[in-house]
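J.: Read in order, the letters of the sequence shown are residues -18 to 173 in the numbering used here. Can you read through this structure? Questions will come right after.
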Amino acid sequence: MLNLVLFGPPGAGKGTQSEKLIDKYKLVHLSTGDLLRSEIKAGTELGLRAKSLMDQGLLVPDEVVIGMIDNKLKENKEAAGFIFDGFPRTVKQAEALDTLLEENGTAISAMVALEVEAEELTRRLLERGKTSGRPDDQNEELIRKRVQEYNDKTLPVANYYQNQGKYSSIYGIGAIEAIFEKICTAIERATI
Ligand code: ADP
-18 MLNLVLFGPP GAGKGTQSEK LIDKYKLVHL STGDLLRSEI KAGTELGLRA KSLMDQGLLV
42 PDEVVIGMID NKLKENKEAA GFIFDGFPRT VKQAEALDTL LEENGTAISA MVALEVEAEE
102 LTRRLLERGK TSGRPDDQNE ELIRKRVQEY NDKTLPVANY YQNQGKYSSI YGIGAIEAIF
162 EKICTAIERA TI
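Structure below.
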């Protein structure tokens, strides 16, 4: 199985590159952001609770996203592999993911981090906010809060995978196709 973690701050291009990776490697896409937005759309209790945190640019509790990922792994037993996008966002989530994958007899193959400077992230997210309808992309203060949450809680996850020898970093500014090629090279290097 090929199990990838695509890592990087909001606006780094994880969603865009995920689509291309899914196509190439036939992976099941698991984006906790997308899963949370479907819960909100469906008006579930979980969605309601998550929305109030997401609207403040804060992370939702670890248990919530870990539970969602657990369900999705169980629903997709026959998958060729998974791409985790926007998850894990805390070290606790990373540890839980390792346990869940181990229970299924598999593991993370590689973690690829997209690196983009803060000013470019803000510019991209405000641009995306014009068309995505996502409230968290339409307010500069909220964007700053999300980047701060990333720096405080999510950056340590890079170290977690570095300690496992699974980490590679890719510069995320440039042509989408050129970045994609670099990601594929990193994956192939990590999995031979
Ligand atoms: P972005 O990468 O642009 O911030 P996402 O769609 O990944 O967008 O996430 C949107 C919001 O959903 C986050 O700001 C956070 O509130 C919540 N969220 C998504 N994934 C997680 C996660 N793994 N842990 C905690 N909160 C999450």
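Ideal placement from N, C-alpha and C gives every residue a C-beta, glycine not left out. For clarity, every value in this text was computed on a predicted model and none was experimentally measured.
1) How is alanine -7 classed by DSSP in three states: helix, strand or coil?
2) For asparagine 57, which of helix, strand or coil comes out of DSSP?
3) Look up serine 150 in the DSSP assignment and say whether it is helix, strand or coil.
4) Please find out if some non-hydrogen atom of the ligand ADP comes closer than 7 Å to the beta-carbon of valine 9.
5) In whole angstroms, what is the alpha-carbon distance linking lysine 111 and leucine 102?
6) Could you please give the first and the last residue of the uninterrupted beta strand (DSSP E) stretch that includes asparagine -16?
7) I'd like to know whether the C-beta atoms of leucine 81 and aspartate 43 end up nearer to each other than 8 Å.
8) Counting pairs of beta carbons, one from the segment 153 to 162 and one from the segment -12 to 3, are three or more of them closer than 8 Å?
T.: Well, looking at it:
1) Sequence index remark: in the sequence shown, residue -7 carries index 12 (1-based). Taken through DSSP and simplified to helix, strand or coil, alanine -7 comes out as coil.
2) Position 76 of the sequence shown, counting from 1, holds the residue named residue 57. Coil, per DSSP.
3) As a first step, residue 150 is located in the sequence shown; it is residue number 169 there, counting from the start. Taken through DSSP and simplified to helix, strand or coil, serine 150 comes out as strand.
4) As a first step, residue 9 is located in the sequence shown; it is residue number 28 there, counting from the start. Taking the Cβ of valine 9 as the reference point, every heavy atom of the ligand ADP lies at 7 Å or farther away.
5) In the sequence shown, residue 111 corresponds to position 130, counting from 1. In the sequence shown, residue 102 corresponds to position 121, counting from 1. Straight-line Cα distance between these residues: approximately 15 Å.
6) By 1-based counting over the sequence shown, the position of residue -16 is 3. Start and end: -17 to -12.
7) Walking along the sequence shown from the start, residue 81 turns up at place 100. Walking along the sequence shown from the start, residue 43 turns up at place 62. Remark: C-beta atoms of leucine 81 and aspartate 43 do not approach each other more closely than 8 Å.
8) Yes: the two stretches touch, three or more of their Cβ pairs being nearer than 8 Å.
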